[in-house]
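Each residue of the sequence shown is one higher than the one before, counting from 1 in this note's numbering.
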Amino acid sequence: MSEQNLLGKRVLITQADMFMGPVLCDVFARHGATVIANTASLVDVEAPAAIVADAGRVDVLVANLAIPAPGTAVAEVSEAEWNDTFAVLVHPLARLFRAVLPAMIARRSGKILLMGSAAALRGMKGRSTYSAARGAQLAYVQAVGVEVAPHNVQVNAIAQNFVENPTYFPPEVQADPRFQERLKREVPLGRLVSAEEDAEFAAYLCSDLANCFVGQVFPVCGGWVMR
C-alpha cells in the first residue's frame, strides 16, 4: 500500500518490542496511524484492561503475542509448560478483547487483528503445547468475529510461519545452511516472507479497505500449510 490508509486511526499494538511488534509499529505509522506501542507484560489478570484504559480511544487493536515455542514430546509436557504457554498466548487475548470491544461496539466501528501462527493449521512434531495454544487463539477469533460483525467491528487473524522476525527466525537461524535447506524443502516460496510483506498485509486488514473480512484466518507462510 502506498496510500495512508490508516490516517487518523489510533492503533494499539501489544508486545511492541518483540515478534512482529517493531515492524508493525513502523509500517502502521507510515500509513498514517497514531501508534500506541505497548511493551508491558500481559500475563497479570488486570494488565490487559489497564493497557487498554491507558491507551484511550482504540480504533484498532493488534494483538501481537509470542512466546518461544516449546519443543517437548507430548508425553513429557508438564503442567507448568501447558499452563505457562496458555497464560501468555491465550488468556491475555480474551482479556484484551473484553477490554476493547465494548467501546468499539458502542461506536459501531473498530478492528482487531491477531498476529497468530500457522502452527495451528499444520501438525508439527514436538509442538503440541504451542500448536494447541495457537489453535485456541484462531478459534476464538473466528467465534468473536462472527459475533461482533453486526456491530461493524471486524476481527481477523494472520496465521503465520516462516516470516522474518526476531522471535522465531533471528539472523543466526537464517544464516544456518541447514535452515536454508529446510526452507527450500518445506516452503514452496523458497524463502522467508519478509517482515515488511507481513506488516503491509496487516496494515491492509486493519484499514477500511478490508471491511468485508469477518472472523477470517489468513495464512501467511509462503505456502507451507499447503504442503
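We treat Cβ as the ideally placed atom computed from N, Cα and C, and that holds for glycine.
- In the DSSP annotation of this structure, isoleucine 67 is not part of any alpha helix (DSSP H), being labelled neither H nor E.
- Nearest Cα to valine 77 within the set Ala50, Glu147 and Ser128: Ser128.
- In the structure shown, leucine 114 falls within a strand segment according to DSSP collapsed to helix, strand and coil.
- Excluding its 5 nearest sequence neighbours in each direction, proline 70 has C-beta neighbours in its own chain below 7 Å: Glu81, Thr85, Thr129 and Tyr130, listed in chain order.
- DSSP places glutamine 4 in no alpha helix (DSSP H); its state is neither H nor E.
- The C-beta separation of phenylalanine 213 from asparagine 156 comes to about 5 Å, placing the pair in contact by the 8 Å criterion.
- The beta carbon of asparagine 5 is closer than 8 Å to those of His31, Gly32, Ala203, Tyr204, Ser207, Asp208 and Leu209 in its chain, skipping five residues each way along the sequence.
- Counting only runs of 3+ residues, the beta strand (DSSP E) found wholly inside the segment 123-208 occupies 153-160, in chain order.
- The three-state reading of DSSP puts phenylalanine 28 in helix, counting H, G and I together.
- By the Cβ neighbour-count rule, asparagine 64 is buried, with 16 or more other Cβ atoms within 10 Å of its own.
- Judged by DSSP secondary structure, leucine 12 falls within the beta strand (DSSP E) whose first and last residues are 10-13.
- With contacts defined by Cβ atoms closer than 9 Å, valine 23 and valine 62 do not form a contacting pair.
- For leucine 183, the closest C-alpha among the options Asp17, Glu197 and Gly222 is that of Gly222.
- For the pair alanine 133 and leucine 89, the CB atoms are nearer than the 9 Å cut-off.
- Beta-bridge partners assigned by DSSP to isoleucine 36: Leu12.
- The C-alpha of glycine 190 lies about 11 Å from the C-alpha of phenylalanine 179.
- Separation of glutamate 79 and alanine 143 (C-alpha to C-alpha, rounded to the nearest whole angstrom) is 27 Å.
- For valine 217, the pairing in a beta bridge is given by DSSP as Ala157.
- Glutamate 79: member of the alpha helix (DSSP H) spanning 79-89, first to last residue.
- Going by beta carbons, isoleucine 105 and valine 141 fall outside the 9 Å limit.
- Within a 10 Å sphere around the beta-carbon of aspartate 59 sit 16 or more other beta-carbons, which makes this residue buried.
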